[in-house]
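Trainee: One structure coming up, written as structure tokens, with questions to follow.
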Amino acid sequence: MLREGWCLVLVIWGEKYSDAHVNLAIRTAKANSASLRHVVLFTDRDRPGIDPLAEQRPFPEFFRRPVWFTHGYIAKLSMFSRSDLPPDMACVYIDLDTVIMGDLGRVAALVRGPNDYLMLPPGNLIGFGPLRRLIYRLTDGRVYAVGNSSVLAYSSAAEPNLCDVFQAALESGDPADPKLHIDDRFISWFAQARLRAIPSSLAVMFRREFLSRTRLGQVFKSRFGSLLGRRKRLVAITLNGMAFTPEVIGALEDGARISDSKGRTGSWSDSALGPAKGILTHYFSVISSAQAGKDDAGGASSMRG
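Take 268 as the starting number for the sequence shown in this note's numbering and just add one per residue.
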């Protein structure tokens, strides 16, 4: 049985993200969730500017290969390191370009047993589920659905432990196997038999939720999401590689066209984005102020879904 509460897990290395991103994630998570008990930050070096609520952990030695920080992000698998996590507890991992809008404890609550895994689903109609698990079994694990690891939920008590299985697979498997080089793939393969999708009523990828390759698709997404009121209940939006920075967001005029690298476009407007527009604007304003030294990301508590 899992212990009460949940643990927020974060990972940082290099210079792409600052202390401000980490602190804002920690403080927004805390402000929105009374059940948050621990925060664990895996980091490449000691970061004295990080909120003391976070327990800073060095990357396990095995995962410190330089290539794993630049291609495929295998270093992220450190998040499953059992010895660095509180025992028998639900964990929620988010990428640092994920904007928290509500109680991530709602995601943690989906972890009901030690071997439950949830992640953002593939961008197709089949997703995860019985059919995928059947295909996985029939192909002896060669064919599996690949989710997105920008938001993950799992248990620190999982057995076997993913880190141990990865190390064994690396030592005995085919060096060219894609799952040994991309974190999303290995997590999906490892957890396929128990893997479930994080509901789109809780967490979404910005580009999938708000952008489309056609004008009709953009209209449908904005009206469909608003009609259900689903976007007002979201607890997290991951930007997942969107080229958003405080400078970019600050320069956007209402109604401006926004796009991703795969040809999807959308509108920077209240009608298209709903509450997300104001929350994203506030998020980047807080980051900008913190990085300029005006505050320390203390505006997190106002970012509520």
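Cβ coordinates follow ideal geometry from the N, Cα and C atoms, glycine included.
Quick one: measure Cβ to Cβ for valine 573 and aspartate 451, integer angstroms, because I've assumed they're closer than 8 Å.
Mentor: Residue 573 lies beyond the residue range present for the chain, which begins at 268 and ends at 572; the question has no answer from this structure.
Trainee: Just checking my contact of serine 489 with serine 538 at CB under 8 Å: how many whole Å lie between their CB atoms?
Mentor: Within the sequence shown, residue 489 is the residue found at index 222, counting from 1. Within the sequence shown, residue 538 is the residue found at index 271, counting from 1. About 6 Å; that satisfies the 8 Å criterion.
Trainee: Over what stretch of residues does the beta strand (DSSP E) that includes tyrosine 384 continue unbroken?
Mentor: By 1-based counting over the sequence shown, the position of residue 384 is 117. 384 to 387 is the extent of the beta strand (DSSP E) around tyrosine 384.
Trainee: Is the beta carbon of tryptophan 535 sitting closer than 8 Å to the one on isoleucine 525?
Mentor: Here residue 535 refers to the residue found at position 268 when the sequence shown is read from its first residue. Here residue 525 refers to the residue found at position 258 when the sequence shown is read from its first residue. Closer than 8 Å, so yes.
Trainee: Taking 6 Å as the limit between beta carbons, can you name the residues of its chain near leucine 506, skipping five residues before and five after?
Mentor: Position 239 of the sequence shown, counted from the start, is the residue given in the question as residue 506. Excluding sequence neighbours, leucine 506 sits near Asp364 and Phe473.
Trainee: Cα separation between glutamate 271 and arginine 500?
Mentor: Your numbering for residue 271 matches position 4 in the sequence shown. Your numbering for residue 500 matches position 233 in the sequence shown. Straight-line Cα distance between these residues: approximately 23 Å.
Trainee: With C-beta atoms as the reference, is alanine 257 less than 8 Å away from isoleucine 367?
Mentor: It is not possible to answer for residue 257, since the shown part of the chain is limited to 268 through 572.
Trainee: Could you have a look at glutamate 520 and say whether DSSP puts it in helix, strand or coil?
Mentor: Here residue 520 refers to the residue found at position 253 of the sequence shown. Looking at glutamate 520 - three-state DSSP - the assignment turns out to be coil, as it is neither helix nor strand.
Trainee: If you follow the beta strand (DSSP E) that glutamate 438 is part of, which residue opens it and which one closes it?
Mentor: One-based indexing of the sequence shown puts residue 438 at position 171. Segment 429 to 439 is the alpha helix (DSSP H) holding glutamate 438; no beta strand (DSSP E) there.
Trainee: If you follow the beta strand (DSSP E) that glutamate 476 is in, where does it begin and where does it stop?
Mentor: The count along the sequence shown starts at 1 and reaches residue 476 at position 209. Element bounds for glutamate 476: not the beta strand (DSSP E) but the alpha helix (DSSP H), 473 to 477.
Trainee: Can you name the start and end residues of the beta strand (DSSP E) that serine 536 belongs to?
Mentor: Locating residue 536 in the sequence shown gives position 269, counting from the first residue. It is not in any beta strand (DSSP E) - serine 536 carries neither H nor E in the DSSP assignment.
Trainee: Would you mind giving the Cβ-Cβ distance between valine 276 and cysteine 358, rounded to the nearest angstrom? I have them listed as a contact below 8 Å.
Mentor: On the sequence shown, position 9 is the one that residue 276 refers to. On the sequence shown, position 91 is the one that residue 358 refers to. Contact flag correct, Cβ pair sits at about 5 Å.
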